[in-house]
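The sequence shown: position 107 = 188 (our numbering), numbered continuously.
No residue lacks a Cβ here, since even glycine has one placed at the ideal position from N, Cα and C.
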Amino acid sequence: MKLIKAIIRPNKVDDLKEAFAKIQIAGMTVTEVRGHGRQKGHTAVYRGREYEVTLLPKMQVETVVPDNLVEPALQAIREAAHTGEIGDGRVFICPVEQSYNIRTGERDT
């Protein structure tokens, strides 16, 4: 199993959810996050004053998938989140050794 973390634009979450559904990935966790990479932020105006926004709003989507779904999941993320602009996001893939269902105590490996 692998944990896939994707940092994407907020307006791309619904597209990603639909893409995951097409490849039978049902579960995901979505968290509002802030950060910057190459995008480095932008200048904004509030009440007539200019200021730098250095931490931009993003969404972190996490899902755990079996090894055979890693490549389809990665492809789904790339297609759903891609705009071609700086700030499209990043994907991280980490190994998962074990998983437990809290309610039943069932263990997945």
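- Take the alpha-carbon of V145 and the one of L155: they are about 12 angstroms apart.
- Within the region 88 to 131, complete beta strand (DSSP E) segments of at least 3 residues are found at 110 to 116, 123 to 127, given in chain order.
- Taking C-beta separations shorter than 7 angstroms and ignoring five residues to either side along the sequence, the partners of P147 in its chain run M82, following chain order.
- G168 places its beta carbon less than 8 angstroms from that of L137.
- Secondary structure at L150: helix, using DSSP grouped into helix, strand and coil.
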